[in-house]
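J.: Protein sequences appear in the order of chains L and D. For the first sequence, numbering that gives the first Met the number 0 assigns the number 0 to the initial residue and increments by one for each residue that follows. For the second sequence, numbering that gives the first Met the number 0 assigns the number 0 to the initial residue and increments by one for each residue that follows.
Number of protein chains: 2
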Amino acid sequence: MDIRKIKETCLYVTDLEQTKEFYTGKLGFELIGEVPGRHVFFRAGASVLLCFISEVAKEGKTLPPHFGSGNLHLAFEVAKSDYQPWKDKVEAAGIAVEQEYDWGGGFLSFYFRDPDEHLLELVMEGMWERGG
Amino acid sequence: MDIRKIKETCLYVTDLEQTKEFYTGKLGFELIGEVPGRHVFFRAGASVLLCFISEVAKEGKTLPPHFGSGNLHLAFEVAKSDYQPWKDKVEAAGIAVEQEYDWGGGFLSFYFRDPDEHLLELVMEGMWERGG
Chain L
0 MDIRKIKETC LYVTDLEQTK EFYTGKLGFE LIGEVPGRHV FFRAGASVLL
50 CFISEVAKEG KTLPPHFGSG NLHLAFEVAK SDYQPWKDKV EAAGIAVEQE
100 YDWGGGFLSF YFRDPDEHLL ELVMEGMWER GG
Chain D
0 MDIRKIKETC LYVTDLEQTK EFYTGKLGFE LIGEVPGRHV FFRAGASVLL
50 CFISEVAKEG KTLPPHFGSG NLHLAFEVAK SDYQPWKDKV EAAGIAVEQE
100 YDWGGGFLSF YFRDPDEHLL ELVMEGMWER GG
């Protein structure tokens with residue numbers, strides 16, 4: 000009776016077109032849902048990334064209300080062998096790598112920002128499953 | 000070169016002890032990291048849930064700054080056969096189920112709140128992978 004994973008992670012954004020241009024146009028995520036003025040949803044591997052206009056999600060007309068502000072944080076996971084190619088891809092898309100961090104044991108991650116200044120991170124698979 | 004999944008999802012909380020009592024004490028998540036006054040981290044299946052004190056994360060002393068407020072949203076995924084047992088477990092822990100929703104095709108989800116009023120959802124595995 001274990002949780003499989005966190006399936007949906009939600010960000011709050013100000014401009015859905017800008018968000019699509021970033022996550023689909025620059026990062027290459029598949030757009031899997033869209034309601035103009037309300038939200039855009041993307042597939043991120045086995046997870047989904049929900050991007051809502053906060054004031055609209057807060058109305059909670061059909062589903063319970065939620066909302067948020069700030070520069071939220073999430074981390075995408077890639078195979079170790081895909082880490083450097085992904086870093087190259089992010090930089091080639093003109094996105095600044097804000098910081099890279101060495102977590103030990105050969106595990107690196109790097110940080111970058113989406114158009115709403117949410118803090119995105121790319122981590123290597125296995126980093127959270129190390130012993131000790 | 001695909002993203003595997005969203006590995007880390009982050010919430011901002013006001014009281015780390017209260018957060019531990021909820022996610023570990025009530026939901027049974029394993030505590031995998033803790034820095035008093037700064038954060039508590041939990042394993043949520045293949046994902047990790049990061050809970051930060053927003054004002055501390057915002058300082059960004061070692062890693063880039065992030066922060067947030069509001070009633071954020073995320074969804075945990077369980078096997079279809081574990082859905083009802085999980086709903087029973089949540090209710091038995093004295094947590095109110097705010098809403099249950101039928102997404103069609105036999106896929107249900109229910110919503111509840113953590114102590115900071117973040118909107119948590121439990122979804123059945125496969126809901127986002129349906130055809131059409």
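A virtual CB, placed ideally from N, CA and C, is assigned to each residue, including glycine.
Please list, in chain order, all residues of the same chain as D:Val96 whose beta carbon is under 8 angstroms from its beta carbon, the five residues on each side excluded.
T.: Only Lys86, Val89, Glu90, Phe109, Tyr110 and Phe111 meet the Cβ criterion.
J.: Roughly how far, in whole angstroms, is the beta-carbon of D:Leu49 from the beta-carbon of L:Gly67, given that I think they are within contact range, below 8 angstroms?
T.: No, D:Leu49 and L:Gly67 are not in contact; Cβ-Cβ is about 15 angstroms, not under 8 angstroms.
J.: With distances taken Cα to Cα, identify the nearest neighbour of D:Lys79 among D:Gly105, D:Glu116, D:Gly93 and D:Lys25.
T.: Measuring from the Cα of D:Lys79, the nearest candidate turns out to be D:Gly105.
J.: Helix or strand or just coil, what does DSSP make of L:Glu116?
T.: Of the three classes helix, strand and coil, the one that applies to L:Glu116 here is coil, per DSSP.
J.: Determine whether the beta carbon atoms of L:Met0 and D:Pro84 lie at a separation below 8 angstroms.
T.: Their beta carbons are under 8 angstroms apart, which means L:Met0 touches D:Pro84 by this criterion.
J.: Spatial neighbours of D:Gly103 within its chain, please: C-beta separation below 7 angstroms, excluding the five flanking residues on both sides.
T.: Hits under 7 angstroms: none found.
J.: Under a Cβ-count criterion, where at least 16 other Cβ atoms within 10 Å of its own Cβ denotes burial, should L:Ala45 be classed as buried or exposed?
T.: With 16 or more other Cβ atoms within 10 Å, it is buried.
J.: Leaving out the 5 sequence neighbours to the left and right, which residues in its chain are closer than 6 angstroms to D:Lys57 when beta-carbon positions are compared?
T.: Once the five neighbours on either side are set aside, the close Cβ partners of D:Lys57 are Pro64 and Phe66.
J.: Any beta-carbon of chain L closer than 8 angstroms to the one on D:Val122?
T.: By this cut-off, D:Val122 is an interface position.
J.: Taking the Cβ atom as the reference point for each residue, do D:Thr23 and D:Leu30 lie within a distance shorter than 8 angstroms?
T.: Against a cut-off of 8 angstroms, the Cβ pair of D:Leu30 and D:Thr23 comes out as a contact.
J.: Going by alpha carbons, who is nearest to D:Leu76 out of D:His117, D:Lys25, D:Met126 and D:Thr8?
T.: The amino acid occupying residue 76 of chain D in the given sequence is Glu; Leu does not appear at that position. When only C-alpha atoms are compared, the closest one is D:Met126.
J.: May I ask you to list the residues that DSSP assigns as paired with L:Ala43?
T.: Paired residues: L:Ser46.
J.: For L:Ala74, count neighbouring Cβ atoms within 10 angstroms of its own Cβ and tell me buried if that reaches 16, exposed if not.
T.: Burial call: buried.
J.: Determine, using beta carbons only, whether D:Ala43 comes closer than 8 angstroms to chain L.
T.: Closer than 8 angstroms to some Cβ of chain L, the Cβ of D:Ala43 qualifies, so yes.
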